[in-house]
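Take a look at the structure below.
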Amino acid sequence: MKFLYTAFAFLLLTACASGPRLDTSHPSVNHDNRVQFVVVHYTSTNLERSLALLTHGQVSSHYLIGDDASGTIYKLVDESQRAWHAGESEWMGRTWLNSSSIGIEIVNPGFSDTPTGRVWYPYSEAQVKSLIVLLKDISKRNGIDAKNIIGHSDIAPLRKLDPGPLFPWKRLAAEGLGVWPDAQAVARFQVQYAAQLPSITWFQEELARLGYQTPQTGELDVATRHVIAAFQMRFRPSLFDGTPDAESAAILRTLNQR
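Heads up: the sequence shown runs through residues 42 to 299, numbered per the numbering used here.
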């Protein structure tokens, strides 16, 4: 019986050894990086609850930047894995961006609604510095285009507001992390559009060209207003009411002519 068992084991090992050979000498050039975008969020709560939600809740992100004096960066999900941070989303025609993005959450309350209006909370200098270091590292390693460093409100304008109007997009763009319109070009185009505002169709087409999921109805419907407001909150945070105006048109044209 022992002899039969030994013979069977030998045959099994022989069969395994004579299986197909794996040849790795012909790698294809037809591939790209899984990571195409970086999406920035705020957590809407404090550090303790943010960590609990992002590690044991129904959402997650690759990184979390704390609100302590040094802006500690927490790595929560390996970049090779898909974190659950974007949800239903679209940018530049790509949908459901969890599969193609890295998510960064920043500890920030977001906003409070008061009797005198909505109050937004700023990001600390330590958080911004940590974010810049992190974004530069991620972008370099993954070859991410500056225009694909975006906010949650950019990819889901009908349901999200983060990272909010106090997020330092202009400062990030100066570091090569994101885009920002040239002020002189905006001023020139604004004079033109003050005399004749482009049509709603134009706004919808140009917003879609920039990357936003935008209805193409030719009408200023609710969804289009949300998209315009998201665009304004990022590129003109002083006023983001969703109204198509000359300055918004000028900013949009400047960005699309980069």
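For glycine and all other residues, C-beta sits at the position ideal for the given N, C-alpha and C.
Please return the same chain residues whose Cβ sits closer than 6 Å to the Cβ of Tyr253, not counting the five positions on each side in sequence.
Val268
Buried or exposed (CB count within 10 angstroms, at least 16 for buried), Gly308
Residue 308 is absent from the model: the chain starts at 42 and stops at 299.
Looking only at its chain, what residues have a beta carbon closer than 7 Å to the beta carbon of Thr255, apart from the 5 residues adjacent to it on each side?
Gln245, Leu248, Ala249, Thr265, Val268, listed in sequence order.
Any idea if Ser111 is buried or exposed, counting beta-carbon neighbours within 10 angstroms, 16 or more meaning buried?
So Ser111 counts as exposed.
Helix, strand or coil, according to DSSP, for Trp161 in the structure here?
Trp161 falls in the strand class under three-state DSSP.
For the beta strand (DSSP E) that contains Leu105, what are its first and last residues?
Counting along the chain, the unbroken beta strand (DSSP E) around Leu105 starts and ends at 104 to 106.
Tell me the DSSP bridge mates of Ile241?
Its beta-bridge partners do not exist; DSSP assigns none.
Using the three-state DSSP reduction, which class does Ile173 fall into: helix, strand or coil?
Looking at Ile173 - three-state DSSP - the assignment turns out to be helix.
Nonlocal neighbours in the same chain, by C-beta distance under 6 Å from Arg294, ignoring five residues either side:
Phe230
Taking Cβ positions, are Pro198 and His82 nearer each other than 8 Å?
no
Are the region 159 to 170 and the region 97 to 113 in contact at 8 Å, needing three or more beta carbon pairs?
yes
If I follow the unbroken beta strand (DSSP E) through His82, where does it start and stop?
It spans 78 to 83 - the beta strand (DSSP E) in which His82 sits, taken as one unbroken run.
Lys188 to Pro222, Cα distance in whole Å?
12 Å
Which runs of the alpha helix (DSSP H) fall wholly inside the region 187 to 272 and span at least 4 residues, in chain order?
193 to 196, 210 to 215, 224 to 236, 241 to 251
Return the first residue and the last residue of the alpha helix (DSSP H) that Thr96 is part of.
88 to 97
Considering only the beta carbon of each residue, do Val232 and Leu296 sit closer than 8 Å?
no
Helix or strand or just coil, what does DSSP make of Glu288?
helix
Comparing alpha-carbon positions, which option in Gly151, Asn87, Glu216 lies nearest Lys181?
Glu216
Report the CB separation of Ala124 from Leu138 in whole angstroms; it is logged as a contact under 8 Å.
Not really, about 11 Å apart at Cβ, beyond 8 Å.
Pairwise C-alpha distance: Val79 and Trp210:
Distance between the alpha carbons of Trp210 and Val79 is about 13 Å.
Quick check: what's the CA-CA separation for Phe208 versus Thr258?
31 Å
Classify Asp178: buried if its beta carbon has 16 or more other beta carbons within 10 angstroms, exposed otherwise.
With fewer than 16 other Cβ atoms within 10 Å, it is exposed.
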